[in-house]
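Written out below as structure tokens is the structure these notes cover.
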Amino acid sequence: MQLIYEKCRARRATRLDPLDVPAAPFPQALRRVQPAELPEVSELDVVRHFTHLSQRNAGVDDRFYPLGSCTMKYNPKATEKAVSHPGFTQLHPHLSSVGAYLSRCQGALALIHELEGLLAEIAGLRAVSLQPIAGAHGELTGALMMAAYHRDRGNTHKKVILVPDSAHGTNPASAAMAGFRVVQVPSNTQGTIDLQRFEDAMTDEVAGIMLTCPNTHGLFEPDIVRIAECAHARGALLYYDGANLNAIIGQCRPGDLGFDVMHYNLHKTFATPHGMGGPGSGPVGVGERLLPYLPGPRVARHGDAYALEMPEKSIGRIAAFFGNFLVAVRAYAYIRSLGDGGLREISRGAVVNANYVHARLKDVYKPAFDGRFMHECLFSATPQAEKGVRALDIAKALLDCGFYAPTVYFPLTVKECLMIEPTETETKETLDAFCDAMIDIARRVDTDPESLRTAPHTTPVGRLDEVKAARELNCARLPCG
Ligand SMILES: *Cc1c(COP(=O)(O)O)cnc(C)c1O
1 MQLIYEKCRA
11 RRATRLDPLD
21 VPAAPFPQAL
31 RRVQPAELPE
41 VSELDVVRHF
51 THLSQRNAGV
61 DDRFYPLGSC
71 TMKYNPKATE
81 KAVSHPGFTQ
91 LHPHLSSVGA
101 YLSRCQGALA
111 LIHELEGLLA
121 EIAGLRAVSL
131 QPIAGAHGEL
141 TGALMMAAYH
151 RDRGNTHKKV
161 ILVPDSAHGT
171 NPASAAMAGF
181 RVVQVPSNTQ
191 GTIDLQRFED
201 AMTDEVAGIM
211 LTCPNTHGLF
221 EPDIVRIAEC
231 AHARGALLYY
241 DGANLNAIIG
251 QCRPGDLGFD
261 VMHYNLHKTF
271 ATPHGMGGPG
281 SGPVGVGERL
291 LPYLPGPRVA
301 RHGDAYALEM
311 PEKSIGRIAA
321 FFGNFLVAVR
331 AYAYIRSLGD
341 GGLREISRGA
351 VVNANYVHAR
361 LKDVYKPAFD
371 GRFMHECLFS
381 ATPQAEKGVR
391 ALDIAKALLD
401 CGFYAPTVYF
411 PLTVKECLMI
421 EPTETETKET
431 LDAFCDAMID
441 IARRVDTDPE
451 SLRTAPHTTP
461 VGRLDEVKAA
471 RELNCARLPC
481 G
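Sequential numbering from 1 applies to the sequence shown in this note's numbering.
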């Protein structure tokens, strides 16, 4: 759409309504001498421009998006209807900060209170705070609560957080931001925590351990109960990274496994479409030990009325108001519409789909581990890389087949990683089409490797210098054909 960048005058896409307030004089000193060089375009030009831009975007609504760890699932549009209710969208957040206005936002407070209760029940924990606005923010909140807990007990020697080597990068980053020293625990060859190395690392200095279960290898930690007992025996706390909650929801609960604190990624598990940076929500849940330290203020129920209270030992506010409230509304609508049985179906579908993909691809790509995958399956493209086609090339070639790519090069523990998370929302037909494409790409490694190394060939832009593209955003340079 070259047109939109040209200076073409006297075209209009919209007409302003006549002024219905007294005209205010605009100070002469602030007026332009030269007219601004803005494009003037018709409505049709604007519509086409933005429609074309939207068609260049990849998303769950237009293709299969198996980006491992991210849970890029389809989310029902019915939740958007709940979110667009003016009773929610028109609420001013300051209604909740002025006592006299609390009566005007009782519905929102009730929703917050109920959703916190539902999330706590789902995880087998005592209470939840919706404040954190991303998973990583929930991690930081959890780590700050662990620090407050140990401070309260005079545990000044407890300065270390253990994190497995398969962990998401946000885990060690959050622990470090909260002032802890991070010690890595290696995985064993089966892709789960090496119990002996864990017990060796479990010194008196350890304040807590952060775990994802199933972990980012897609594997359930078989020794999780033992790990929890060992940590608690040493006075350490257990943090559960809830990004993979769709693998176990309705089947087992982090609280029952022994975890003291966790975050939920509402934008992964509970119906908010995500990607490209937000908006997200990463509520934290706690068990008995950390209950007094939850961020505040908290919504408390007194009979039929909801009020705000700051718990005595709270770590305080960690976000304005109650986090990304509309994301919470979506989660509430989603949980209530699915009900108990529906929530169980999430984890069943997620695990069955990942295992189906694994079964169809395991003879063509090398599974990264021998164990039973849960909601995502990992392959290592090292045999293909030896022939000159790397995991990155396979990912790029998939774009030409109409699929988004799996996660590559994460987790760092798997060389030439292809981390595929089909999610629970895909049909067998879609999974088959994806597996057919993967199998065809594997064949082309032998017959036409060059076409893979130069892929993608059909996308609006080909291979980018990805670091440069992320650092130097320059839209004008994009081909706008
Ligand atoms: C996505 C993810 C996170 C971080 O969550 P954000 O909401 O992106 O901050 C942490 N751990 C794992 C395993 C994840 O997949």
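We treat Cβ as the ideally placed atom computed from N, Cα and C, and that holds for glycine.
- Residue side-chain check: Ser166 keeps its Cβ at 7 Å or more from all non-hydrogen atoms of ligand 1.
- Assignment of Arg181 by DSSP, reduced to helix, strand and coil, places it in the strand class.
- Nearest in C-alpha terms to Lys387, of all of Ala368, Asp20 and Arg453, is Arg453.
- Under the DSSP assignment, His263 falls in the beta strand (DSSP E) whose first and last residues are Val261 to Tyr264.
- Collapsing the DSSP output to three states places Ser380 in a strand.
- Taking Val163 as reference, the option from Ala123, Leu211 and Arg153 with the minimal CA-CA separation is Leu211.
- Leaving aside the five residues that flank Ala395 on each side, the residues in its chain whose CB is nearer than 7 Å to its CB run, in chain order, Ala405, Pro406 and Val408.
- If you draw a 10 Å sphere on the C-beta of Asp260, you find 16 or more other C-beta atoms in it, and that means buried.
- Here Lys73 is buried: its Cβ has 16 or more other Cβ atoms, across all protein chains shown, within 10 Å.
- Proximity of the beta carbon of Ala178 to ligand 1 is not indicated: no heavy atom of the ligand is located closer than 7 Å.
- Between the beta-carbon of Thr170 and that of Ala136 there is about 4 Å, and that keeps the pair under the 8 Å contact cut.
- Here Val467 is exposed. Its C-beta has fewer than 16 other C-beta atoms within 10 Å.
- Per DSSP, reduced to three states, the secondary structure at Ala455 is coil, with no helix or strand assignment.
- Around the beta carbon of Gln28, fewer than 16 other beta carbons lie within 10 angstroms, which makes this residue exposed.
- Listed by position along the chain, the residues with Cβ atoms less than 7 Å from a non-hydrogen atom of ligand 1 are Ser69, Cys70, Ala134, Gly135, Ala136, His137, Glu139, His168, Thr170, Asn171, Thr212, Thr216, Asp241, Ala243, Asn244, Asn265, His267, Lys268, Gly280 and Gly282.
- For His302, the secondary structure class from DSSP, reduced to helix, strand or coil, is strand.
- Counting along the chain, Gly285 sits inside the beta strand (DSSP E) bounded by residues Val284 to Val286.
- Between Asp165 and Arg12, the alpha-carbon positions lie close to 57 Å from each other.
- Annotated three-state conformation of Gly250 is coil, per DSSP.
- Taking 8 Å as the cut-off, the beta carbon of Phe270 is found closer than this to the beta carbon of Ile335.
- For the 8 Å CB-CB criterion, Pro449 and Val389 form a contact.
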